[in-house]
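Using full-length UniProt numbering, the first residue of the sequence shown is number 1, and each one after it goes up by one.
Below is one structure, written out as structure tokens; comments come after it.
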Amino acid sequence: MLFKNEKGVSPVIGVILMVAITVILAAVIASFVFGMGGKLSTTPPQVQLVLKDNATGLSSEQNPVFDIEHMGGDDLIFNELVVYVYYANGTLYDTLGNYNTTVTPPQLEGNKLLINGSALSDDILSPGEKVTAWEKDPSTNFTAGIYTVKIYHKPSSTFIFTGNVRVE
């Protein structure tokens, strides 16, 4: 009868498992210590915004289109925002996302609209303040209708506001 000596099998497997567990734990700890575990996403600002048709109307020479009023919540920093304006059918009308600091006052600009921050003292939209979206070129003949406005917060990669405005 043949007998096998199996005394070395159990300690070898035990040592291999202990080394594997140690390496895995070291890798997990190192990923957190050196920041490789992923960055925590930025929390989007919480805001209460209201869209209103501008009282001046589309018949004026300057053509203010609509107002964005900040009713409460966190401050909004203009250079962290992209504003999308859609027709009622969902087609994109304009994207305002170029924060132009070379003009006075600094403003969010798009192809057809701009948001003038002249009412702001520090280019931050705070509760109680409002900004106006203006037709960039009055010759484009902005038409009355219902528009959807979405505001995107770049640091948190989140839409922080969606609303409709009737422009007359």
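Glycine residues also receive a C-beta, built at the ideal position from the N, C-alpha and C atoms.
{"query": "Might you give, ordered along the chain, the residues of its own chain that have their beta carbon closer than 6 Å to the beta carbon of Val-82, omitting 5 neighbours on each side?", "result": "Gly-97 and Tyr-152"}
{"query": "Go through its chain and collect everything with a Cβ distance to Gly-145's Cβ below 8 Å, but skip five positions before and after it.", "result": "Tyr-87, Ala-88, Arg-166 and Val-167"}
{"query": "Find the nearest neighbour of Val-149 within the set Asn-164, Met-18 and Gln-107, judged by alpha-carbon distance.", "result": "Asn-164"}
{"query": "Where does Gly-14 fall in DSSP's three states?", "result": "helix"}
{"query": "Provide the residue span of the beta strand (DSSP E) that contains Asn-164, from first to last.", "result": "158-167"}
{"query": "Name, in chain order, the residues that DSSP records as bridge partners for Gly-73.", "result": "Val-47"}
{"query": "Measuring alpha carbon to alpha carbon, tell me which of Tyr-93, Leu-92, Thr-91 and Asn-111 ends up nearest Asn-100.", "result": "Asn-111"}
{"query": "Can you grab the Cα-Cα spacing for the pair Pro-11 / Thr-22, in whole Å?", "result": "16 Å"}
{"query": "May I ask you to report which of helix, strand or coil DSSP gives Ala-55?", "result": "coil"}
{"query": "Can you tell me where the beta strand (DSSP E) holding Gly-145 begins and where it ends?", "result": "145-153"}
{"query": "Within 10 angstroms of its Cβ, does Val-50 collect 16 or more other Cβ (buried), or is it exposed?", "result": "exposed"}
{"query": "Could you check where the beta strand (DSSP E) with Leu-92 kicks off and where it finishes?", "result": "92-96"}
{"query": "In the DSSP assignment, what are the bridge partners of residue 172?", "result": "Residue coverage of the chain in this structure runs from 1 to 168, which leaves residue 172 outside it and unanswerable."}
{"query": "State yes or no: is the C-beta of Asp-74 within less than 7 Å of the C-beta of Val-47?", "result": "yes"}
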